[in-house]
Amino acid sequence: MSLWKDVAVSGALLRERFIRYRPAVAAVNVSRSTASSSSSSVKFAGAPSPGIMRNSHIYGRRKLLLPVYAYGSCRGVFTVTTVIRNGKNFEWMKREDDKKVSHIGERGTMEVETKEKGMLGWESDADERQALRSIENAISSLKNDSLRQYDDAFNFLPAANYRHSMVMLLGNHSAGKSTIINYLLGREVQRTGVAPTDDGFTIIQRGNEDNDDDGPTSVSDPRYQLQDLQKFGLHFVHRFKIKTRRLPSQSRVPPGLMIVDSPGMIDTPIHVRDRTSLEGQLRGYDFLAVTRWFASRCDVILLVFDPANPGTTGETLDVLTKSLAGFEHKFLLVMNKVDMFDKTTDFARAYGALCWNLSKVLTMKDIPRIYTTFVPTKASIASVTISTSNVDEEKKTRVPLSSAVKSTPISPFSEEGAKMVAMEEFLRQREEVVDEILKAPLRRLDNLITEAEEGARRILLAGRVCTAIVWDYRRWQMIGVLAPTALFAASAGILALGGIATTPVTLATLTALAGATTLYVSVTGLKRLERELLENSDAVVDRIFIGRENTLDLQLRWKNAVKPEILNLAETSDAAGRGVIASLPTLTPWGRKTITSVLKRDIPALRLRVAEYKQRLSSQNGKQSSSSSTPPVPPL
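Be aware that the sequence shown starts at 1, since it is given in full-length UniProt numbering, and climbs by one per residue.
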């Protein structure tokens, strides 16, 4: 017999909340009560809720079966009477740790407590991976089963759940993107230099051995899930590559994290005159569209500036306003190479120029936080290295700068003291940037849910607007069809009743002409009505969403995402001869109810599961995180 059939508990569960991702063994033991016999234990776990527990008659008595459900531990308060196995009584025992076992007794209350923050860690990495996969499968099921059927026309939802986390670095040429990547990897992988060093996108990831995949191989390899990049053409694909590198043990980049190095953004004379067109970009592919694709795919985006070009290139401004629009929650603004300043006033001028340029393109009252930092180089390392006669060459590093400030008798109000304090702040902000990059695997779950939520909101908005437009058109179409039909029927009736006399024939002819004229006016009027309904779609939105529903967020979603897709679909359908309004999808009341339920119930439930997963992961890796200062990373 299986465990859950072999162990029965009389009573009920008082606490309904349990960890339930996959069957596993719980840290609650049932031990033999007879002192003469050797103590044998059976491990089992609590049910997710009393509703899942089954009623059964065992040994002639009514029992509540407690199935195996939970991870390495469960939590809750149990009211226990007697545990029966093979007709013998067992007592409830609570394991406090690996050695101590406390006696609970046959009858009473037992509370299974937690270790840290009200949560318990997993017994193994396999359990942790299973919890992660469970959340990913729930997100995928939500999109495929509940939302995908309403998204055939627009494709507001991403094609699939991406397995790899991704971080992208954008910036001017010689802004230090490749240097930051090499610093993260712990070895020199990307070429660095003052002049532009690469004209294509490159993905770097950690692996067991060094390997390079060219563009055609990478975009067709299902392991990377980059098949969508083929739509940007051969010019892009031939300049794209994936580098897999074996990294040193001290590298903090986890397996499964993809780092995207983008080509440096520069201005050319043509680009100054015409920045937005494909020809004006002078790259052979749509750089802004590719950047936007990676922005939607990435979990963290670093926009790197340097003091020489503090956000002044036109291509950088285009990326901010076009490619990164709607992804503000993902990107970090980084002002790099701050160690090149000799004077505080020079730093203030460069920082102010960057803020001034960003204020012209970022539609917000306050400028977001700008991280000011630098990456170690050989020249700068030598300038701040703490060297002693008893320290090896490998231990001469710039990282323990805070200890240098404490041990050096320099006043913080002096110029040298101010430089020391500023340098320490730059180092601290660099660690913050690195921590944000390493949090990308955790942010991936949040981004997947955000994509599903935003996709559902767009589907609901597009469906309601298209349904209103289609019904308005059909109402006028019905009038346009019925009016000529009625006139033609009247003409036929006049001829049938009046015969071939002059007066009836004249009336029938005039009525038929009126019907033909009405038909012509209806056909031309309906074509004009199609254009007017699409052009006045903003008024349709204001008519549908009134009061509290008509929020600024809804207006921005309509103007920036939904309306362009509707107009593009209508234009494409008209060019294909399928009609303009007839091609628009409609949303049934049941579909509207389903999407609303997803937004109000399923999405918040997924948010809670991810928050619980993060808390468990943080509790599991709390000691390791405090010792290594590296954020916990979910296993792959």
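Built from N, CA and C at the ideal position, the CB exists for glycine as well.
Alpha carbon to alpha carbon, how far is F240 from R206? Give it in angstroms, no decimals. Within the sequence shown, the letter at position 206 stands for residue 206. Within the sequence shown, the letter at position 240 stands for residue 240. Taking the straight line from one Cα to the other gives about 18 Å.
Per DSSP, what are the beta-bridge partners of Y371 in this structure? Start at 1 with the first residue of the sequence shown, and residue 371 comes out as number 371. The partner list for Y371 (beta bridge, DSSP) reads V334.
Distance between D435 and S619 (C-alpha atoms, nearest Å): Indexing the sequence shown from 1 puts residue 619 at position 619. Indexing the sequence shown from 1 puts residue 435 at position 435. Their backbone Cα atoms lie some 18 Å apart in a straight line.
By how many angstroms is the C-alpha of L427 removed from the C-alpha of L584? Within the sequence shown, residue 584 is the residue found at index 584, counting from 1. Within the sequence shown, residue 427 is the residue found at index 427, counting from 1. Those two C-alpha atoms are separated by around 54 Å.
Continuous beta strand (DSSP E) assignments of at least 3 residues falling wholly in the stretch 278 to 319: 300 to 305
Which residues in the same chain have their Cβ closer than 6 Å to the Cβ of A483, if we skip the five residues on either side of it in sequence? Residue mapping note: residue 483 aligns to position 483 of the sequence shown, counting from 1. Closer than 6 Å at the Cβ level, and outside the excluded window around A483, lie T518.
Indicate the three-state DSSP secondary structure (helix, strand or coil) for T503 in the structure shown. Mapped onto the sequence shown, residue 503 falls at position 503. Helix, per DSSP.
Would you check if the distance between the CB atom of P307 and the CB atom of N357 is smaller than 8 Å? Your numbering for residue 307 matches position 307 in the sequence shown. Your numbering for residue 357 matches position 357 in the sequence shown. Not in contact: P307 and N357 (Cβ atoms no closer than 8 Å).
Just checking, does the stretch 365 to 379 make contact with the stretch 324 to 336 on the three C-beta pairs under 8 Å criterion? yes
Measure the alpha-carbon distance for R292 versus G515 and round it to whole angstroms. As a working note, residue 292 is residue 292 in the sequence shown. As a working note, residue 515 is residue 515 in the sequence shown. In a straight line, the C-alpha of R292 is about 53 Å away from that of G515.
In the DSSP assignment, what residue or residues form a beta bridge with L257? In the sequence shown, residue 257 corresponds to position 257, counting from 1. Its beta-bridge partners are S165.
Does the distance from the C-beta atom of I581 to that of R464 stay below 8 Å? Within the sequence shown, the letter at position 581 stands for residue 581. Within the sequence shown, the letter at position 464 stands for residue 464. For I581 and R464, no; Cβs fall outside 8 Å.
Rounding to the nearest angstrom, what Cα-Cα distance links T511 and P504 in this structure? On the sequence shown, position 511 is the one that residue 511 refers to. On the sequence shown, position 504 is the one that residue 504 refers to. Taking the straight line from one Cα to the other gives about 10 Å.
Exposed or buried, what is R458 when buried is set at 16 or more other beta-carbons lying within 10 Å of its beta-carbon? Along the sequence shown, one-based indexing puts residue 458 at 458. Its Cβ being crowded by 16 or more others within 10 Å, R458 is buried.
Inter-stretch contact (C-beta, 8 Å, three-pair minimum) for the stretch 200 to 218 and the stretch 249 to 259: yes
Could you work out which residue in L142, K322 and R592 is closest to N467 when comparing CA atoms only? To locate residue 467, count along the sequence shown from 1; it is residue 467. Note on identity: in this sequence residue 467 is Thr, with Asn being the wrong assignment. Nearest option by C-alpha distance: R592.
Let me check understanding here. Comparing Cα to Cα, which of E425, V304 and K243 lies closest to G264? Here residue 264 refers to the residue found at position 264 of the sequence shown. Checked all of E425, V304 and K243; the closest Cα to G264 is V304.
Tell me, please, which residues DSSP counts as bridged to D212. For the purposes of this step, residue 212 is taken as residue 212 along the sequence shown, with counting starting at 1. By DSSP's assignment, D212 forms a beta bridge with K243.
Relative to the C-alpha of L556, which candidate in N155, K143, L461 and R148 has its C-alpha closest? Locating residue 556 in the sequence shown gives position 556, where the first residue counts as 1. Comparing Cα positions, the closest option is L461.
Cβ-Cβ distance between F236 and V290 below 8 Å: Translated into positions along the sequence shown, residue 236 becomes position 236. Translated into positions along the sequence shown, residue 290 becomes position 290. Contact: yes.
Strictly by DSSP, which residues pair up with G171? Locating residue 171 in the sequence shown gives position 171, where the first residue counts as 1. The partner list for G171 (beta bridge, DSSP) reads V304.
By the DSSP assignment, the beta strand (DSSP E) with Q205 in it spans what residues? By one-based count along the sequence shown, residue 205 stands at place 205. Segment T202 to R206, the beta strand (DSSP E) holding Q205.
Should Y183 and P376 be called a contact, given that it needs their Cβ atoms to be closer than 8 Å? Taking the first residue of the sequence shown as 1, we reach residue 183 at position 183. Taking the first residue of the sequence shown as 1, we reach residue 376 at position 376. In contact: Y183 and P376 (Cβ atoms closer than 8 Å).
Where M423 sits in the DSSP three-state scheme: Locating residue 423 in the sequence shown gives position 423, where the first residue counts as 1. In this structure, M423 counts as helix in the three-state DSSP scheme.
Buried or exposed: which applies to R608, given that a residue is buried once 16 or more other Cβ atoms fall within 10 Å of its Cβ? What you label residue 608 is simply residue 608 of the sequence shown in a count that begins at 1. The sequence shown places Leu at residue 608, rather than the Arg named in the question. Result: exposed.
At which residues does the alpha helix (DSSP H) containing L226 begin and terminate? On the sequence shown, position 226 is the one that residue 226 refers to. Run containing L226: none; DSSP gives neither H nor E here.
Is the closest heavy atom of the ligand SAM to the C-beta of S537 under 7 Å? Among the components of this structure there are no ligands whatsoever, and the ligand SAM is therefore not found.
DSSP on L617, reduced to helix/strand/coil? By 1-based counting over the sequence shown, the position of residue 617 is 617. Looking at L617 - three-state DSSP - the assignment turns out to be helix.
Tell me which residues share the same chain as I242 and place their Cβ nearer than 6 Å to its Cβ, disregarding the 5 neighbours each side in the sequence. On the sequence shown, residue 242 is found 242 positions in, with the first residue counted as 1. Excluding positions up to five away in sequence, the list reads I203, D213 and S218.
Considering W590, what are the terminal residues of the alpha helix (DSSP H) in which it resides? By one-based count along the sequence shown, residue 590 stands at place 590. Here the alpha helix (DSSP H) through W590 covers P589 to S597.
Going by the CB atoms, is the gap between D210 and R252 shorter than 8 Å? For the purposes of this step, residue 252 is taken as the residue at position 252 of the sequence shown. For the purposes of this step, residue 210 is taken as the residue at position 210 of the sequence shown. Not a contact, by the Cβ cut-off of 8 Å.
Return the bridge partner residues of G265 from the DSSP annotation. Taking the sequence shown and counting its residues from 1, the one referred to as residue 265 is at position 265. For clarity, residue 265 is Met in the given sequence; the question names Gly instead. For M265, which the question treats as bridged, DSSP gives the partners N172.
Should Q429 be labelled buried (16 or more other beta-carbon atoms within 10 Å of its own) or exposed? For this step, residue 429 is matched to residue 429 along the sequence shown. Result: buried.
Near I437, what residues of its chain come up, given a Cβ to Cβ distance below 7 Å and the 5 sequence neighbours on each side ignored? For the purposes of this step, residue 437 is taken as the residue at position 437 of the sequence shown. Excluding positions up to five away in sequence, the list reads V167, L184 and V300.
Does DSSP put G577 in a helix, a strand or coil? Here residue 577 refers to the residue found at position 577 of the sequence shown. Of the three classes helix, strand and coil, the one that applies to G577 here is coil, per DSSP.
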